[in-house]
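J.: Residues in the sequence shown are numbered consecutively from 5, following my numbering.
Ideal placement from N, C-alpha and C gives every residue a C-beta, glycine not left out.
Predicted, not measured: the structure shown is a model, and the values here were computed from it.
First the structure, which I've put down as structure tokens, then a few questions once you've had a look.
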Amino acid sequence: RFGDLQGKHFALWGLSFKPNTDDMREAPSRELIDDLFAAGATVTAYDPVAMHETQRIYANEPRLSYAENPMGALEGADALLIATEWKEFRSPDFDAIKQKLKQPLIFDGRNLYDPKFVRGMGIEYFAIGR
């Protein structure tokens with residue numbers, strides 16, 4: 005979709021390997037973050053529990069910043085990536101997502117949303133296996 009990711013900025017919702025924990029062992033977000041960094045992209049992340057653990061793992065990493073809430077992570081992002089199925093991500097304000105992202109684009113690694121509904125909102129939506 006993007007081609008070269010150099011200079012792109014991504015919002016990432018969810019850092020822990022599953023909801024209701026700060027456990028980052030084997031978390032898909034780690035590989036995703038590392039791959040984005042390797043491609044020249046930056047990330048702003050939000051997770052309700054695991055941000056302190058992520059800050060420990062990625063100490064002093066200038067390409068990774070943190071938001072105080074999910075919508076704050078979207079500011080200036082080229083797309084939203086979802087890596088953990090936290091309950092608070094299940095019913096977002098899709099109009100606000102469209103306004104905050106540079107382009108209305110979601111890559112959903114957890115299949116949280118109905119593709120027809122999200123696409124009907126004018127958001128380009130990619131989900132695993134859909």
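Got a sec? Which residues, its chain only, sit under 7 Å from K104 by beta carbon, not counting five neighbours each side?
T.: Counting only Cβ-Cβ distances below 7 Å, and skipping sequence neighbours, we find M75, L78, E79.
J.: Could you name the residues of the same chain whose beta carbon sits closer than 7 Å to that of L68, not counting the 5 residues immediately before and after it, in chain order?
T.: If we look at L68 and ignore the five residues flanking it on each side, its Cβ neighbours are I37, V47, A49, Y62.
J.: Could you tell me the alpha carbon to alpha carbon distance between Y117 and G126, rounded to whole angstroms?
T.: Going from the Cα of Y117 to the Cα of G126 covers about 14 Å.
J.: Taking 8 Å as the limit between beta carbons, can you name the residues of its chain near R99, skipping five residues before and five after?
T.: With the sequence shown as reference, residue 99 is identified as Asp, and Arg is not the correct amino acid for it. Within the same chain, D99 has close Cβ partners M125.
J.: DSSP beta-bridge partners for V122?
T.: V122 pairs with nothing; no bridge assigned.
J.: Going by DSSP in three states, E89 sits in which element: helix, strand or coil?
T.: Coil, per DSSP.
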